[in-house]
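Undergrad:
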Amino acid sequence: MRGSWAMTRALLVTKTLPAAAAVSAARAAKDRSAWRRHVIVSHHVALRSQCAIDDVVHAEDTWRDVIGKEGSLDAYAEAAEEVGNRAWVLTALRWCAREIERFAFEDGALEYEIRRLRARWFEEKGEKMSDAEEAAARASRAARLSTRGGGLVPTRWHVQNDPHVTVKPLIVDVGSCWDYFRRHDDAFEVIAQDLRPRKDAMLRSDFLELVIQDDAAAAPGISERAPPGGGPRDLTSLPRGCATAVVMSLVLSYVPTPKLRGEMARRARELLADEGRGLFLVVTPHSTDKSHNPRNALPILREWKDAIESLGFERVRLERQRAVHVMAFRTVGAGGAACGEGDAPPLRIAFDGPQEGRQGFVGGQVGGDAR
């Protein structure tokens, strides 16, 4: 039977765990793993089947009905929290945290901008940008694209009238489940939201229902009091352009339809600071494109790149890790997302229904299956 490294060490190296106890613990871990898989897979199947293509016009209503049922997400949230603590998920989350740190504090935002400028310069002039021209470009953009210069930290609601308060970059962790990024709150402000939060410091909300306020310096809509008996407070709104980073880890694959996934990405763009000052990080399982078997992989990540970039992003990082793909997009342009609510391009996954699966995003428009 399989067991954890700690259990194996206690059994074979330190001799502090009796064999019978090790077998019992391994069986319990196996049973718990089977329970997690059953809860998560059955919930995903039920959610997608209820938003089936023959009733796609009512998918949003079905989504709200399913997630609004009291207690319907409790077991799923518990199982998801346990999965979120697995080594492969933690590796992906650490990757996201490192990318945000590099972006905000190590001139990563400026480097991405210079890389884009060099590429554009070569496309237009057919020659490389000179060292002097690059130095001038860096100097003119350094303050806007650094935390030290204040450019990467949008105006904050609670400090706009108090210049003596130090402001930190904001991470919005969507579908957080167990609030991983709180461990970095010495360097970042963190707003972690979920449909069913597992930590009291988190906020309860449906990201698809979150009101995005036009006033960038407005205060977030957070309930003043926790529910009776304690627990997370409710989040109802956030100001446009307030975030330096938005993270969606194992979130987009949970959302049941391509259009709703596209709307999630559009909303991320609305919350992020414009013009290269915001970073959108996505973690999605290999099942998204069936790439656990590379020979059967679908071109879904390419479709996602095109669709997400059409919202006002540029993909700057893509990495394949154990069990997941991790990717980072920086914002380009000003004015938030390039389309309004309901007009975001679809983001399909391999397990969508047949008609949904044919609605890929190809070359700047919704098209065929793009295979």
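Just so we're aligned: 244 in full-length UniProt numbering is position 244 of the sequence shown, and the numbers increase by one with no gaps anywhere.
No residue lacks a Cβ here, since even glycine has one placed at the ideal position from N, Cα and C.
Under the three-state reduction of DSSP, which class applies to residue 292: helix, strand or coil?
TA: Taking the sequence shown and counting its residues from 1, the one referred to as residue 292 is at position 292. Reduced to three states, the DSSP call for residue 292 is coil.
Undergrad: Is the separation between the beta-carbon of residue 270 and that of residue 344 shorter than 7 Å?
TA: In the sequence shown, residue 270 corresponds to position 270, counting from 1. In the sequence shown, residue 344 corresponds to position 344, counting from 1. For residue 270 and residue 344, no; Cβs fall outside 7 Å.
Undergrad: Give the list of continuous alpha helix (DSSP H) stretches no shorter than 4 residues that lie fully inside the segment 298–353.
TA: The qualifying runs are 300–309.
Undergrad: Tell me the DSSP secondary structure of residue 106 in three-state form.
TA: Along the sequence shown, read from residue 1 onward, the residue named residue 106 stands at position 106. Residue 106 falls in the coil class under three-state DSSP.
Undergrad: Taking the alpha-carbon positions, what's the residue 326 to residue 282 distance?
TA: Position 326 of the sequence shown holds residue 326. Position 282 of the sequence shown holds residue 282. Whole-angstrom Cα-Cα distance: 6 Å.
Undergrad: Look up residue 251 in the DSSP assignment and give the residues it is bridged to.
TA: Counted from its first residue, the sequence shown places residue 251 at position 251. Answer is none; residue 251 lacks a bridge partner.
Undergrad: Quick one: is residue 230 buried, meaning 16 or more other Cβ sit within 10 Å of its Cβ, or exposed?
TA: One-based indexing of the sequence shown puts residue 230 at position 230. It is exposed - the Cβ of residue 230 has fewer than 16 other Cβ atoms within 10 Å.
Undergrad: Using only the alpha-carbon positions, how far apart do residue 222 and residue 203 sit?
TA: Residue numbering aside, residue 222 sits at position 222 when the sequence shown is read from its first letter. Residue numbering aside, residue 203 sits at position 203 when the sequence shown is read from its first letter. Distance between the alpha carbons of residue 222 and residue 203 is about 8 Å.
Undergrad: Nearest-angstrom Cα distance between residue 218 and residue 238?
TA: As a first step, residue 218 is located in the sequence shown; it is residue number 218 there, counting from the start. As a first step, residue 238 is located in the sequence shown; it is residue number 238 there, counting from the start. So the two alpha carbons sit approximately 8 Å from each other.
Undergrad: Pull up the CB-CB distance for residue 129 and residue 174, whole angstroms please, since I reckon it's below 8 Å.
TA: Here residue 129 is taken as the residue at index 129 of the sequence shown, counted from 1. Here residue 174 is taken as the residue at index 174 of the sequence shown, counted from 1. With a Cβ gap of about 37 Å, residue 129 and residue 174 do not count as contacting.
Undergrad: Based on Cα-Cα distance, which residue from 14, 201, 118 lies nearest to residue 224?
TA: Numbered from 1 along the sequence shown, position 224 holds the residue referred to as residue 224. Closest by alpha carbon: 201.
Undergrad: Taking just the CA atoms, how far does residue 119 sit from residue 316?
TA: Residue 316 sits at position 316 when you count from the first residue of the sequence shown. Residue 119 sits at position 119 when you count from the first residue of the sequence shown. Those two C-alpha atoms are separated by around 13 Å.
Undergrad: Is the segment 126–145 close to the segment 87–101, with three or more CB pairs under 8 Å?
TA: Not touching, per the Cβ criterion.
Undergrad: So what's residue 140 in DSSP terms, helix, strand or just coil?
TA: Your numbering for residue 140 matches position 140 in the sequence shown. Reduced to three states, the DSSP call for residue 140 is helix.
Undergrad: Run through the DSSP bridge pairs and tell me what residue 233 is partnered with.
TA: Translated into the one-based positions of the sequence shown, residue 233 becomes position 233. DSSP, once it has assigned bridges, lists 203 as partnering residue 233.
Undergrad: Cα separation between residue 367 and residue 30?
TA: Within the sequence shown, numbered from 1, the residue matching residue 367 stands at position 367. Within the sequence shown, numbered from 1, the residue matching residue 30 stands at position 30. Because residue 367 carries a pLDDT of 45, less than 50, the predicted location of this residue cannot be relied on, and no value is offered for it.
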